[in-house]
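Single-structure report; data block below.
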Amino acid sequence: MFNLESIVRPNVLKMKPYSSARDDFQGIANIFLDANENSLGSLAGENYNRYPDPHQKKLKKLISEIKGVKPEQVFLGNGSDEAIDLLLRAFCQPGKDALLSLPPTYGMYEVSANLNEVRIDTVKLTADFQIPVREVLQTVRPETKLIFVCSPNNPTGNSIEAEAIETLLKEFNGLVVLDEAYIDFADTPSWTTRLDEFPNLVVLQTFSKAWGMAGLRLGMAFASKEIIALLDKIKPPYNINEATQELALQALDKTEVLKDMVEEITQERELLMMSLPGLNAVELVYPSDANFILVKVTDAAAVYKHLLSKGIVVRNRSGLPGCEECIRISVGTLEENQELLKALAEF
Ligand SMILES: Cc1ncc(COP(=O)(O)O)c(C=O)c1O
């Protein structure tokens, strides 16, 4: 049986969160001398002399409406990388607890684990990059607090079968962290629709990909209100800056543009999927539900170098298990993709 309190780090359960100046004060005032800000103004522009809302109330409300969840089920981080780190810090005792990750996958789970002195157990995805569920369930131990599942998976691009995720949610007594950074490019619905069914589900999403806001650093975690309250308790008080909050509020008003961009990117992806297999350098093009494609080439290091000589940077993913001689190509604009195809044809 999943029991949230039993998997939270005891010091996190016990600790009191930082109380900011604006938390202490409630009511109406027009002279703020409580937070050691610069009352004269800001060199950066209006509002920026004041600390941002530490609870991001407006932003959370709007995001919750768009995503169909309650505002208490939304955590906002300085990128979803911050949410990954905070999940580890909330649930894994350094030197004692473990997380499980499924390579080849996103590298930050391992980096955060190493930083936080959390043991990382790995179970490789199958040859078609799906979860070997039984093996995962046999590998988890009482110390395993988190399983990270990335769907669509980076760098392979495929979505993970829903049945496998559901089995983990039902049979694993820790948290299943489902990283949906690329979900906007997939046809499958987000697991945010099933949060109320699974008290041990955490869904990560980001504004860095489909929303085109990687430079602003805004990530989301969706989970039960109890899990979200824990993340809010341990986050740095002002983790989402004022400029990001303002610009994200504006962006959330433009969901039509988001839809158009996603459509264009997925169309460009399909064009690349059709053109790449005809090239001599290409051995295999993996299916993708994301805004990138994993491609097995004849010689990844040489192809990478060749593309670089043409001013095109891709990612050589050869070092990852199951990705030997593979490069990962982000879908660009029509012109960029044509340049890429031309350069690859010249290899
Ligand atoms: C699977 C996955 N999760 C999370 C992130 C990080 O996103 P953010 O920019 O929100 O920190 C990335 C970035 O590449 C990613 O590929």
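Take -13 as the starting number for the sequence shown in this note's numbering and just add one per residue. Just so you know, even glycine gets a beta-carbon here, dropped at the ideal spot from N, CA and C.
- Taking C-alpha positions only, P80 is separated from Q59 by approximately 27 Å.
- A straight line joining the alpha-carbon of E310 with that of A331 spans about 21 Å.
- Counting the other CB atoms within 10 Å of its CB gives A288 a total below 16, which places it among the exposed residues.
- For A200, the CB falls within less than 7 Å of some heavy atom of ligand 1.
- A distance below 6 Å between beta-carbons, with the five flanking residues on each side excluded, links E129 to the following residues of its chain, in chain order: D83, A84.
- Excluding sequence positions up to five before and after L(-10), its CB lies within less than 6 Å of the CB of E212, all in the same chain and listed in chain order.
- Per the coordinates, the alpha-carbon of V283 lies some 10 Å from the alpha-carbon of L262.
- Comparing alpha-carbon positions, the option among D165, E32, L326 lying closest to E232 turns out to be E32.
- Cβ atoms of L306 and P90 come within 8 Å of each other, at about 4 Å.
- Exclusion of S145 from the 7 Å shell around ligand 1 follows from its C-beta lying no nearer than that to any non-hydrogen atom of the ligand.
- The three-state reading of DSSP puts Q191 in strand, counting E and B together.
- In the DSSP annotation of this structure, S145 is not part of any beta strand (DSSP E), being labelled neither H nor E.
- Closest in C-alpha terms to S(-8), from the list K195, T108, V55, G160, comes G160.
- Nearest to V97 by C-alpha distance, out of T125, D67, L111, P222, is D67.
- Per DSSP, R314 is one residue of the beta strand (DSSP E) stretching across 312 to 316.
- Not one heavy atom of ligand 1 falls within 7 Å of the beta-carbon of A207.
- The C-beta distance from S87 to I106 rounds to 6 Å, short enough to meet the 8 Å contact threshold.
- Rounded to whole angstroms, the gap between the alpha carbons of N227 and E242 is 25 Å.
- Collapsing the DSSP output to three states places M1 in coil.
- When DSSP reads this structure, G27 sits in no beta bridge, so it has no partner.
- As for any beta strand (DSSP E) of minimum length 3 sitting wholly inside the stretch 59 to 126, the runs are 60 to 63, 84 to 87, 105 to 108, ordered along the chain.
- Here F158 is near I133, since their CB atoms are less than 8 Å apart.
- Per DSSP, reduced to three states, the secondary structure at K44 is helical.
- Going by beta carbons, V189 and T178 fall inside the 8 Å limit.
- In this structure, L181 keeps its C-beta atom at 8 Å or more from the C-beta atom of F193.
- Residue environment for A267: buried (at least 16 other C-beta atoms within 10 angstroms of its C-beta).
- Your pair E254 and I298 does not check out as a contact, with CB atoms roughly 15 Å apart and the cut at 8 Å.
- Counting the other CB atoms within 10 Å of its CB gives S210 a total of 16 or more, which places it among the buried residues.
- Under the three-state reduction of DSSP output, F184 falls in the coil class, being neither helix nor strand.
- The three-state reading of DSSP puts K240 in coil, since its state is none of H, G, I, E or B.
- Between V109 and T153, the CB-CB gap reaches or exceeds 8 Å.
- Relative to the Cα of M206, the nearest Cα in the group A229, D165, F184, I220 belongs to D165.
- For D165, the uninterrupted beta strand (DSSP E) segment begins and ends at 161 to 165.
- Taking L244 as the centre and dropping the five residues before and after it, the same chain places the C-beta of A196, W197 closer than 7 Å to its C-beta, in chain order.
- K47 and P57 have their C-alpha atoms some 5 Å from each other.
- Looking at the backbone, the Cα of N186 and that of V162 are separated by about 6 Å.
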